[in-house]
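This report concerns only the one structure given below.
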Amino acid sequence: MAKEKKGVRLEHISKIYQDPKTKKEFYAVHDTTLEIEPGSFVTLLGPSGCGKTTTLRMIAGFESPDEGEIYLGGEPINELTPNKRDTAMVFQSYALLPHYNIFDNVAYGLKLRKMDKEVIKEKVTNILKLVGLEGMESRMTNQLSGGQQQRVALARALVIEPGVLLFDEPLSNLDAKLRVTMRTEIRRIQQEAGITAVYVTHDQSEAMAISDKIIIMNKGVVAMMGTPQEIYYHPNSEFVADFIGEANFLKGKITELSGSDGAAEVYGNRIELHELKDRRVGDECTLVLRPEAAVVADEGQLPCDVILSTFMGSYQNYHVMVGDTLVKITDFNPKTKKIFNVGDKAFVKFDSGSIHVI
Amino acid sequence: MARSQSKELDRKKFFADPIMVTTIVVLIVFLTLFILYPLAILLVDSFVTDKGMSFDVFKRILAMPSFRTAITNTLKVGFLVGILSAAVGLLFAYVEEYVKLKTKVLSGLFKVISLLPVVSPPFVLSLSMIMLFGKAGIITRYLLHIYDNNVYGFWGIAIVQTLTFFPVCYMMMKGLLRNIDPSLEEAARDMGASRFKVFMTVTLPLILPGLGNAFLVTFIESIADFANPMIIGGSYDTLATSIYLQITGAYDKQGASAMAVVLLMITLFMFIVQKYYLEAKSTATLSGKASRQRMLITDKSVTRPLTAFCLIVASFVVLMYICVPLGALFKTWGYDFHLTFKWFSQVFTKYKGLKAFKDSFVLSFISSPITALLSMIISYLVVKRSFRAKGFIEAVSMLAMAVPGTVLGVGYIRGFSAGVFRTGFLQSLYGTGTLLVIVFIVRSLPTGTRSGISALRQIDKSIEESAYDMGADSFKVFMTVTLPLIKDSFLSGLVTAFVRSITAISAIILLVTPKFLLITVQINEFAEKGSYGIACAFATILIIITYTAVTLMNIFIKHFGTSRAIEEN
């Protein structure tokens, strides 16, 4: 549907803000370089204050970068005002125009482009069908539910066929169930429209479900960029591992190495490792173990003491101590398994392939 | 760290919007020329004499015993009026918010009281005060049989100003009390405090900055008030009337300039304290919205004296307003109570009433839409945009609030009678209707701007951003999004500007030429002469005009306003 899918490139972008209280300047975004492929769905993910919204607002043109250049479809756009940029944003608060009905809200951008009345009508009708709001043209915005308002905001952004669609935490005002439905909807509509999308959220499951690529930001810099699988299975830092899903960290030392395989010593136990890169024997390393990748058993790689054991229905939730490290384990389908109780001595058991070394 | 690139980019983006740049430039020129420049010229005038820079003019006016008395008079009246208005206003607000009102009459009276300062010409109460308590006053002469009561002077001004200004305090305090979370007071009650103790230890400390704020606002209003001291002051001169007399009586324009500077310094000081110290404090302590309904006081030992007091004050005010049309209907007030229409007919046959109404109406009618639009544009720029001259625009339009009309009037005389800086530039403006319209605009701009700013602050920034993002430029955003969203505020700004202009006197009386007959100036003239019948007839018609305007606005807002559209759903 879009005239032309456009990619976005950020080259060494920095944004400096001043703390209103201390008057100290700090980097909200620091030396960020990104490449967003045309037609892809990319999510900026990170804790609050990491610079993700600032980055998005710089792409939209509401903020000006202090260093670097932003390119949209190969053209530098630093000097363009938001109304001259080929972007459309879906706001966190939806930002629908309360004095217009649904039709006029969606038609607003088209009218600004001085399109023919007939063309506008057709485009609006089509787009409302796409977002599932056909027949609601004459309703006022306050007669809609949160989810419907969200759809109007999406339709309004889509209808002007922007080169890039920008989302600023669009689902954070919806209840949990609707959030899940809407994220699937947004993904479907983006795919159907075949449009480039940049999406900001702090909700990691939303990011996982919706994105082709996730960019994790922390304190103004890109911590990691990759597909959801890369980020979940091969995080490049403790921050990324901890931010996406839950993770246990075990400190160890590389003891053996042959090609990309090897082993590490953790609290005097030998742990087999794979997919090692650029490591040497004697190196300190951190082993990442996801809670769902391990079980508590009578035998395994790491001896442990159970200090918490809670039945959660679909899984048994364990906290165990391996040496002086707390390890959380979610053991699924506990009905058929032996349940360990607080105070029991046991072993942490896992497949060596599920360990990731950082 | 260098933020130069973002500043440079913001600058480029800013200049990519020619309509906005032009608007801002025009605004800056307007504010500089018609607010800053007249005040600056006063300073120049009072410091620069033939002999160069000196304090001679100040020395001269301060040596006048009458001027020194006028300063103390003004401050004394202002102080008392400030305290009385704040106290009475607080009492009214407290009764409305905390006391269970049994009768509909009282809540109706409250509504009237809150509407009065909006529609009332400034000197109506002085007129009726004289008619009730003066030598021929109904109450003094016929009820109390006092034949030589003197209402003129300190107490006359103080009472009339308190009754004129306390409704403003009442509205301010009502807003504050409404924002107190009832659980705070309930917690204190729960720990064993009596009602009085709760008021003294919880409620009062919470609203104290707000009360100080109300006091200062009234203080400034009282000091700046020209019309009431003029009519009921008698020989008791205040600064505003002294300045007027210095120009119209003594033809001492330089002395008047220096006096105006003194008056301006006083109001400016008060205004800065009020604006930057108390206002911030009074809202900071009460940021929360009331979480639920307050338990109203039903205890009769509390409710009875409080409601009785409010009832007496409110009825008294209403009685004073009723006096005005009655004064126009009686043959000779105080002596001959036969009904007659002769005053009304004389207004039109003998005193060119029609021309007066036409002139006043047309000038106000032209100035009010300009004022309303300007104030909305200023509010939009101040709240929603960031650019370098923003601080200037905001400060100068707020400054106009602290400038007494008389000061502005003298500034315009000095600043434009011989052209800008006596060069003859814009001299042709002097004495024209255009200048009167400009004065009306400048006088009403701060009120409109303030209401526009508070309306705009409630609109989510992203609504305008979304329109901007869709491709609208600043002008389009303002016309299609901002203005429709604050149309209630725009409309009430329009009517307020109209009412303020048509009832204005302080600045305009110094600038009006024989070419224009203005109602307020006529009322003032006839009241001065003691022709209360004619003055009342003029005032009655004026009140009818303003009341109609306000009623029309309320009806319009009720049927087409945004608040209604939202309520319906």
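In the order they appear, the protein sequences are chains A and B. Counting along the first sequence from 1, when you hit position 208 you're at 208 in my numbering, and nothing is skipped either side. Offset between the second sequence (1-based) and my numbering: plus 1000. All residues carry an ideal CB built from backbone N, CA and C; glycine is no exception. Being a predicted model, the structure only gives us computed values, none of them experimental.
| query | result |
| --- | --- |
| What does the alpha-carbon distance come out to for the pair E256 (chain A) and F249 (chain A)? | 20 Å |
| Can you tell me whether M224 (chain A) is helix, strand or coil according to DSSP? | strand |
| Helix or strand or just coil, what does DSSP make of A247 (chain A)? | coil |
| By the criterion of Cβ-Cβ separation under 7 Å, what are the contact partners of R1195 (chain B) in chain A? | Here the premise fails: no neighbours, minimum Cβ distance about 40 Å. |
| In whole angstroms, what is the alpha-carbon distance linking L1177 (chain B) and Y1170 (chain B)? | 10 Å |
| Below 7 Å, is the gap between the Cβ of G1052 (chain B) and the nearest heavy atom of the ligand ADP? | The ligand ADP is not part of this structure, which contains no ligands at all. |
| Interface residues of chain B around L112 (chain A) at Cβ under 8 Å? | M1470, G1471, A1472 and K1476 |
| Can you give me the Cβ contacts of I1139 (chain B) inside the same chain, cut-off strictly under 8 Å, excluding the 5 residues immediately before and after it? | L1132 and F1133 |
| Taking only beta-carbon positions, decide if L1485 (chain B) is within less than 8 Å of chain A. | yes |
| Count Cβ pairs between the segment 67-87 of chain A and the segment 221-240 of chain A that sit closer than 8 Å; are there 3 or more? | no |
| Looking at chain B, is there any beta carbon in it that lies within less than 8 Å of the beta carbon of M1 (chain A)? | Reliability fails at M1 (chain A), whose pLDDT of 45 lies under 50, so the model's placement of it is uncertain and the value that follows must be treated cautiously. It does not; no Cβ of chain B falls within 8 Å. |
| When the cut-off is 8 Å and only beta carbons count, does R1443 (chain B) lie next to chain E? | You won't find chain E in this structure, because its protein chains are A and B. |
| L112 (chain A) to V1512 (chain B), Cα distance in whole Å? | 47 Å |
| Is it the case that the Cβ atoms of V1099 (chain B) and I1297 (chain B) are separated by a distance below 8 Å? | yes |
| Please classify H99 (chain A) as buried or exposed, where buried requires at least 16 other C-beta atoms within 10 Å of its C-beta. | buried |
| Check each candidate in B:Q1522, B:R1385 and B:P1514 and name the one with the smallest Cα separation from I1502 (chain B). | B:Q1522 |
| Among A:S172, A:V131, A:Q149 and A:P235, which residue has its Cα nearest to the Cα of Q191 (chain A)? | A:V131 |
| Give, in chain order, every residue of the segment 58-80 of chain A whose Cβ lies closer than 8 Å to some Cβ of chain B. | A60, G61, F62, E63, S64, P65, D66, E67, N78, E79 and L80 |
| Cβ closer than 9 Å: which chain A residues qualify as neighbours of A1455 (chain B)? | Ordered by position in chain A, no residue passes the 9 Å Cβ test against A1455 (chain B), which lies about 13 Å from the chain. |
| Taking C-alpha atoms, which residue in B:G1212, B:L1319, B:A1256 and B:P1325 lies nearest to Y1276 (chain B)? | B:G1212 |
| Quick check: is the beta carbon of V1021 (chain B) nearer than 8 Å to any beta carbon in chain A? | no |
| Comparing the C-beta of L1511 (chain B) with each C-beta of chain A, is any distance below 8 Å? | no |
| Decide if the segment 88-104 of chain A is in contact with the segment 1463-1481 of chain B; the criterion is three or more beta carbon pairs, one per stretch, under 8 Å apart. | yes |
| To be precise: take each residue of the segment 88-109 of chain A, compare its Cβ to all Cβ atoms of chain B, and keep it if any distance is under 8 Å. Which residues remain? | A88, M89, F91, Q92, S93, A95, L96, L97, P98, H99, Y108 and G109 |
| What's the C-alpha gap between L80 (chain A) and G61 (chain A)? | 7 Å |
| Please report the residue range of the beta strand (DSSP E) in which H30 (chain A) lies. | E25 to I36 |
| Please list, in chain order, the chain B residues whose beta carbon lies closer than 8 Å to that of I160 (chain A). | M1470 and G1471 |
| Whole angstroms are fine: how far does the CA of V1442 (chain B) sit from the CA of V1044 (chain B)? | 21 Å |
| Does the beta carbon of P170 (chain A) come closer than 8 Å to any beta carbon on chain B? | no |
| What are the boundary residues of the beta strand (DSSP E) that G262 (chain A) is part of? | D261 to V266 |
| Considering Cα atoms alone, identify which of B:T1307, B:S1126, B:A1400 and B:T1546 is closest to F1110 (chain B). | B:T1307 |
| Okay, do the segment 1470-1485 of chain B and the segment 1334-1347 of chain B touch, 3+ Cβ pairs below 8 Å being the bar? | no |
| At what residues does the alpha helix (DSSP H) containing F1058 (chain B) begin and finish? | D1056 to A1063 |
| Checking the sheet assignment: what are the DSSP bridge partners for I215 (chain A)? | A:L44 and A:M225 |
| Give the interface partners of P82 (chain A) over in chain B, defined as CB-CB distance under 7 Å, in chain order. | Y1468 and D1469 |
| If we ignore side chains and look at the alpha-carbon of each, how far apart do E1008 (chain B) and F1015 (chain B) end up? | 11 Å |
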